[in-house]
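Our numbering puts the first residue of the sequence shown at 40, with every later residue one more than the last. We treat Cβ as the ideally placed atom computed from N, Cα and C, and that holds for glycine. Quick caveat: nothing in here was measured; it's all calculated off a predicted structure.
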Amino acid sequence: MEGGIADPAGLALYPSHRCKTLYLIRHGQAVHNVAGEKNHKAYSFPEFFDAQLSPLGWDQVGNLRKHVNACGLAKKIELVVVSPLLRTMQTAVGVFGGEKFTNTSSSQTAVGSRHTISSSTSPPFIEVEYCQERMIPPFIAVEYCRERMGRNACDKRRSITEYSALFPEIDFSEIENDEDVYWKPDSRETDEQLAARGVTFLKWLWSRTEKEIAVVTHSAFLLETLRLFGNDTHPSIKTNEISHPFSNCELRSMVLIDTNMLGSDAPIANYP
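See the structure below:
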């Protein structure tokens, strides 16, 4: 048994009822990602408006789906929060929604939907009928976790009316405007504005009662938000585990902690 001066350096201890576990996921590869690797200007091309998943993106979704089921994560998730863009919602319902993929030649169907989006990428669709064998977490779309807004056509969303028909299992009640009022053709969010929106989003997450939450979002949003954190950790943790850019369909688990009495549920295990 070691003696000496007590030094908790490198450790942190927090009450569990002041913690939430977030499972942060970047969407699968979308068609604008493929084009953007060859020409960065492609992100602004009108043909990539609200870009959907590529064939590789659907493969990535299928692999992540297998992983979250194999490791037991799928049964732990209490809520799936998703950016209201096509590629993120396809990823969210593909990973956490239906139970079966079926190949189609010219269309894809979102979870629980009879509507299709014309496509030449031959993606699978997800059949909600196969969801009944296990609990499916609720899905909620939130504007706060959208990709950096402005200029790039790939980051402009469709109307909520259209999305509601395509994704009937997703709750869009947190979104106030049917049309996209935030995306502007002649301006784009700065890093600071995006990070501030990220903090607002995390505070919104903290206001939720759920403790195990999956968030399906975008690369720049994750990068600028997470860069704000980790300064109290070893530099390699901040660089390699927190603020390192996300790959397509990458998942990282993080703990969100209330250190400032923002409010939390009473601890259920403490006694008396």
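Please confirm whether residue i and residue j have their CB atoms less than 8 Å apart.
i	j	result
Asp219	Phe178	no
Tyr62	Val238	no
Gln99	Leu125	no
His79	Cys193	no
Leu103	Val134	yes
Glu213	Arg187	no
Val121	Ala180	yes
Pro176	Val119	yes
Lys388	Glu76	Because the chain in this structure spans residues 40 to 311, residue 388 falls outside the shown range and cannot be described.
Leu261	Phe240	no
His257	Thr127	yes
Asp89	Arg185	no
Glu263	Tyr221	no
Gly189	Lys223	yes
DSSP beta-bridge partners for residue i?
i	result
Tyr221	BP columns for Tyr221 are empty, so no partner.
Ala253	Tyr62 and Val119
Ala69	Leu92
Ile209	Phe178
Contact check, residue i vs residue j under 8 Å by CB: the rounded distance?
i	j	result
Leu295	Cys58	7 Å
Ile281	Leu265	5 Å
Gly136	Glu201	About 19 Å separates the two Cβ atoms, so there is no contact after all.
Gly96	Gly67	3 Å
Pull up the distance between the alpha-carbon of residue i and that of residue j, whole angstroms please.
i	j	result
Glu168	Ser275	Unreliable positioning characterises Glu168 in this predicted model, as indicated by a pLDDT of 36, which lies under 50. The coordinate reading is nonetheless provided below. Going from the Cα of Glu168 to the Cα of Ser275 covers about 45 Å.
Lys105	Cys288	12 Å
Pro306	Pro54	8 Å
Gly151	Lys195	Unreliable placement is indicated for Gly151, whose pLDDT of 34 sits below 50; no coordinate value is reported for it.
Ala308	Leu50	23 Å
Thr298	Arg65	27 Å
Phe84	Asn191	7 Å
Ser246	His56	13 Å
Arg291	Asp271	19 Å
Asp301	Lys115	It should be pointed out that residue 301 corresponds to Leu in this sequence rather than to Asp. If I take the Cα positions, the gap works out to 24 Å.
Pro47	Thr278	23 Å
Ile199	Gln129	15 Å
Ala81	Val73	9 Å
Thr60	Met293	6 Å
Leu52	Leu244	21 Å
Glu231	Asp225	18 Å
At what residues does the beta strand (DSSP E) containing residue i begin and finish?
i	result
Phe178	Phe178 to Ala180
Arg291	Leu290 to Ile296
Mind checking if residue i is an interface residue toward chain B, Cβ cutoff 8 Å exclusive?
i	result
Val121	Given the protein chain composition of this structure (a single chain), no chain B is represented.
Just to confirm the assignment, what range does the alpha helix (DSSP H) spanning residue i have?
i	result
Asp98	Pro94 to Ala109
Asp230	Asp230 to Ser246
Tyr202	Ile199 to Leu205
Gly133	Leu125 to Phe135
Ser226	Neither: Ser226 is in no alpha helix (DSSP H) and is coded neither H nor E.
Phe260	Ser258 to Leu265
At a cut-off of 7 Å, is residue i close to the ligand MG when judged by its beta-carbon and the heavy atoms of the ligand?
i	result
Met300	Here there are no bound small molecules, and the ligand MG is not part of this structure.
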